[in-house]
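Take a look at the structure set out below.
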DNA sequence: CCGAATCCAGTGCGATACTG
DNA sequence: CAGTATCGCACTGGATTCGG
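Protein chains in written order, with full-length UniProt numbering: chain A, 1 to 126; chain B, 1 to 126.
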């Protein structure tokens, strides 16, 4: 999972950033963690459409890249908490800028998708 | 190509942004166009590792989302130029922030990948 | 020089089921 | 509550080929 078989192209810094937050849920997880949601079950509650397996994978990658920190309390029942590292915090302004831009556009975006789909869609799925 | 069979999750604005610049070369193309590289053949020269087909696909998606504008001059030989739309320009600050952060980290990132790969890599890629 | 069609491999991620 | 293993599908994007 951690190995990269195909050489990635880092011609621009964005590729690096993508490598880190490019997963489907990573940015959202990052946001949640930054707002104080720390425990796996809590995160899962907030993102019920993703399975715990996937969340674990994404969290593990974030941890791997040094963005978040995982603390395990060897208790019964098990207790795990995630938190942003200093490095992860340095990323938050960028994340927030991205989120702000996207949020401002989401309405138009959905509309655009509907409009164009009338012109372009060939298979509506199935 | 334009249809989305699987419902995307736009719980945060970043997903929207990803939808727009999430392609492998899109951000780089955007950067190049913003710096004045306009013609397909020029872009292809700058990104020789991608085939023209792929570049065309990515450019088409950028155009689809209203980020760039394509002008066709019906000449012989054919002449095509891309340019940023006003909307595309509104995206540039975000792009630049992303690029800046990633660029600042690219060195450490490569190192990290090497270090960890000693621990995790199973196939160094044929 | 510009673009589209077909074919195909790698990967991400979702479902389900199981362990401590 | 937390984490992992196996399986399978859909999507991106590469190669190649063909048309204006």
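Cβ atoms here follow ideal geometry from the backbone N, Cα and C, with glycine treated the same way.
Neighbour list for residue i in chain B, Cβ cutoff strictly below 9 Å
| i | result |
| --- | --- |
| residue 69/A | None at all; the shortest Cβ gap to chain B is about 15 Å. |
Assigned exposure category for residue i - 16 Cβ within 10 Å defines buried
| i | result |
| --- | --- |
| residue 102/A | buried |
| residue 58/A | buried |
| residue 4/A | Reliability of the predicted coordinates at residue 4/A is poor, the pLDDT of 49 falling under 50, and the value obtained from them is presented with this limitation in mind. Residue 4/A should be labelled exposed. |
| residue 47/A | buried |
| residue 123/B | Low per-residue confidence applies at residue 123/B: pLDDT is 39, beneath 50, and the placement is therefore not dependable enough to give any value. |
| residue 20/B | buried |
| residue 65/A | buried |
| residue 138/B | In the structure displayed, chain B extends from 1 to 126; residue 138/B sits before or after that span and is not available. |
| residue 23/A | buried |
| residue 97/B | buried |
| residue 73/A | exposed |
| residue 61/B | buried |
| residue 130/A | Residue 130/A lies beyond the stretch modelled for chain A, which goes from 1 to 126, so this question has no answer here. |
Per-residue contacts from residue i into chain A (C-beta, under 9 Å)
| i | result |
| --- | --- |
| residue 28/B | 9, 11, 12, 14 and 15 |
Interface residues of chain B facing residue i [CB-CB closer than 7 Å]
| i | result |
| --- | --- |
| residue 105/A | 16 |
| residue 94/A | 97, 98 and 101 |
| residue 49/A | 9 |
Interface residues of chain B facing residue i [CB-CB closer than 8 Å]
| i | result |
| --- | --- |
| residue 91/A | 101 |
Discussion item. When you compare the region 87 to 95 of chain B with the region 37 to 53 of chain B, are there three or more beta-carbon pairs, one atom per stretch, that lie closer than 8 Å?
Written reply: no
Fill in: Entirely enclosed beta strand (DSSP E) segments - the UniProt domain "HTH hxlR-type" (12 to 110) of chain A, minimum 3 residues
68 to 73 and 79 to 84
Discussion item. Whether or not the region 10 to 26 of chain B and the region 24 to 38 of chain A are in contact is what I'm after, with contact meaning three or more pairs of Cβ atoms, one per stretch, closer than 8 Å; do they touch?
Written reply: yes
Worksheet entry | Three or more C-beta pairs below 8 Å linking the region 34 to 47 of chain B and the region 78 to 90 of chain B | yes
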